[in-house]
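Numbering-wise (numbering that gives the first Met the number 0), the sequence shown opens with residue 0 and increments by one.
Working notes for the structure below.
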Amino acid sequence: MPILQAMGKNLTTRTEDYSKWYNELVVKADLAENSGVRGCMVIKPYGYAIWEKMQAELDRMFKETGHQNAYFPLFIPKSYFSKEASHVDGFAKECAVVTHYRLKNAEDGSGIIVDPDAKLEEELIVRPTSETIIWDTYRKWIQSYRDLPLLINQWANVVRWEMRTRLFLRTSEFLWQEGHTAHATKQEALEEAEQMMNIYADFAENFMAIPVIKGTKTESERFAGALETYCIEALMQDGKALQAGTSHFLGQNFAKAFDVKFTAQDGKLDYVWATSWGVSTRLIGALIMTHSDDKGLVIPPNLAPDQVVIIPIYRDVEQYNAVCDEAEIIVKELRTKGIRVKLDKRDTQKPGWKFNEYELKGVPVRIAIGPKDIESKTLEVARRDMLTKEIISRDTIAEKVELLLAEIQKNLYQKALNYRKTHITDVNTFEEFKEILESKGGFIRAHWDGTTETEEQIKNLTKATIRCIPMDGKQESGICIFSGKPSNKRVLFAKAY
0 MPILQAMGKN LTTRTEDYSK WYNELVVKAD LAENSGVRGC MVIKPYGYAI
50 WEKMQAELDR MFKETGHQNA YFPLFIPKSY FSKEASHVDG FAKECAVVTH
100 YRLKNAEDGS GIIVDPDAKL EEELIVRPTS ETIIWDTYRK WIQSYRDLPL
150 LINQWANVVR WEMRTRLFLR TSEFLWQEGH TAHATKQEAL EEAEQMMNIY
200 ADFAENFMAI PVIKGTKTES ERFAGALETY CIEALMQDGK ALQAGTSHFL
250 GQNFAKAFDV KFTAQDGKLD YVWATSWGVS TRLIGALIMT HSDDKGLVIP
300 PNLAPDQVVI IPIYRDVEQY NAVCDEAEII VKELRTKGIR VKLDKRDTQK
350 PGWKFNEYEL KGVPVRIAIG PKDIESKTLE VARRDMLTKE IISRDTIAEK
400 VELLLAEIQK NLYQKALNYR KTHITDVNTF EEFKEILESK GGFIRAHWDG
450 TTETEEQIKN LTKATIRCIP MDGKQESGIC IFSGKPSNKR VLFAKAY
């Protein structure tokens with residue numbers, strides 16, 4: 000199959016400046032843009048369509064495991080945060096606070112001012128996460144073991160006041176889902192937290208085509224207020240890690256803070272056991288950085304808003320009508336297979352311009368059809384992942400495209416997996432650790448003595464953090480690369496987003 004000609008939109012290349020490449024691609028591919036509010040983004044229709052696909056699949060997976068959606072307030076009374084000490088410590092520096100409820104015209108005519116007489120009796124926090132408001136609500140919902148388990152998820156926006164922001168990866172306001180569950184036993188809650196980590200991993204691998212490593216966080220990297228944090232870690236093309244999802248076992252901390260008790264089957268009163276878990280629009284950043292290239296986005300078919308685009312080729316109105324009529328028939332054939340297809344009938348842009356646009360936007364399959372194709376009963380089919388094209392019989396187009404989409408999905412996953420395999424390195428000394436970190440990057444498997452002090456020293460010296468303690472990690476006697484103290488397992492280090 001011949002290689003397609005380069006049709007890039009003059010993007011900065013990844014090797015030239017990976018960060019600049021990412022920023023340009025998000026904007027040029029029409030995914031998002033910065034807004035008039037510093038640190039906040041406008042998600043444009045194409046970017047939001049990708050998020051909607053992610054939402055739909057995750058929502059289905061949540062509901063298949065018994066979860067229901069609900070919605071809780073955006074504003075949280077400040078006093079709620081003081082009830083769980085480690086939680087407030089974790090979020091205090093990122094909170095946006097509402098202090099007044101009214102504006103008025105300045106008496107000197109200088110403009111609108113905050114009315115000093117409209118101060119709230121108690122300040123409200125714009126939610127950075129919803130544990131506190133939800134657990135205050137759960138106290139009213141839970142009385143008996145019959146009310147458990149309580150399996151709730153909400154799709155919402157949250158605010159964490161960031162000083163250094165980046166579209167999708169880190170913004171002051173972002174979209175996400177947050178699950179909050181209550182259980183009668185510790186074991187049930189642990190199983191729930193691990194189940195949700197597995198659901199996130201399933202979604203990442205089978206829909207996003209991103210291989211992930213499942214593990215637990217170290218004590219210093221856990222969610223504020225959690226006893227255990229489960230996570231999935233992915234590796235981006237620049238050798239940096241990205242936390243793609245977390246699930247937290249909260250023990251009875253929040254139940255005790257908000258006095259959420261239940262009567263057990265034996266008649267005794269006890270505090271419920273809790274979990275919380277979430278993923279955000281950061282996943283779109285992960286999708287971009289895992290698969291895309293110097294010509295634009297590469298979107299896995301399972302999440303592509305348009306899996307196929309059909310572009311008519313014509314010279315005059317008569318040809319345009321004939322080609323579009325045939326294309327409409329092909330659209331119907333593809334849709335009977337459940338394929339998401341778009342026919343671009345715009346007569347304001349030339350086919351070459353459209354080829355360029357859909358390459359930049361990462362549409363998995365492109366079909367070109369002109370008068371000669373109708374005569375020969377063939378179609379030109381191009382695949383975005385490999386930038387190749389082939390001639391397909393018109394009679395078999397639906398079956399061929401269906402197979403091709405599955406092949407592209409598999410190929411993208413395998414390509415990302417191969418990259419990760421070549422970027423996981425075992426090291427046994429700190430000098431070797433530093434050398435690999437600078438020359439190669441990726442995940443580094445190394446022995447660690449289990450202390451926060453050693454973890455912090457390594458982080459301060461190298462900017463690398465322990466991404467996770469892998470779930471499938473084997474017991475292995477060794478010596479910590481930094482302190483020289485005994486270690487029984489290797490952990491995963493990397494520089495990260």
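From the three backbone atoms N, C-alpha and C, an ideal C-beta is built for every residue, glycine too.
Everything numeric in this text was worked out from a predicted model, so none of it was measured.
Residue environment for V25: buried (at least 16 other C-beta atoms within 10 angstroms of its C-beta). With a cutoff of 9 angstroms on beta-carbon distance, G472 and S486 are scored as not near each other. Beta-bridge annotation (DSSP): P485 is paired with I478. Within the model, the alpha-carbon separation for T395 versus Q242 is close to 42 angstroms. A155 is bridged by DSSP to W175.
In this model, A405 and I310 are separated by some 22 angstroms (Cα to Cα).
For G89, the CB contacts under 8 angstroms within the same chain, skipping 5 residues up- and downstream, are F222, A223 and G224 in chain order.
Per DSSP, E56 is one residue of the alpha helix (DSSP H) stretching across P44 to E63. For the pair L168 and C94, the Cα-to-Cα distance works out to about 18 angstroms. R393 and V380 have their C-alpha atoms some 11 angstroms from each other.
Residue burial is scored here from C-beta neighbours: Y100 has fewer than 16 other C-beta atoms within 10 angstroms and is therefore classed as exposed.
By the Cβ neighbour-count rule, M235 is buried, with 16 or more other Cβ atoms within 10 Å of its own. H290 carries a helical assignment under DSSP once its states are collapsed to helix, strand and coil.
In the displayed model, D372 falls within a helix according to three-state DSSP. Runs of the beta strand (DSSP E) lying entirely within the segment 201-274 and spanning at least 3 residues, in chain order: 212-215, 227-234, 240-250, 260-262 and 268-270. Cα atoms of Q54 and E317: separation of roughly 42 angstroms, rounded to the nearest angstrom.
With 16 or more other Cβ atoms inside 10 Å of its own Cβ, Y79 counts as buried.
The beta carbons of T245 and I465 sit about 14 angstroms from each other, so the pair does not count as a contact at 8 angstroms. The beta carbon of S219 sits closer than 8 angstroms to those of T451, E454 and E455, all from its chain and outside the five residues before and after it, given in chain order. Following the DSSP letters along the chain, one finds I423 inside the beta strand (DSSP E) bounded by residues I423 to D425. Counting along the chain, A381 sits inside the beta strand (DSSP E) bounded by residues T377 to R382. DSSP places Q67 within a strand segment (E or B) once states are collapsed to three. Residue state for K103 is assigned as strand, using DSSP reduced to three classes. In this structure, DSSP gives V322 a helical state, which the three-state scheme calls helix. Around D258, the same chain offers R138 as residues with beta carbons nearer than 7 angstroms, after the five sequence neighbours per side are excluded.
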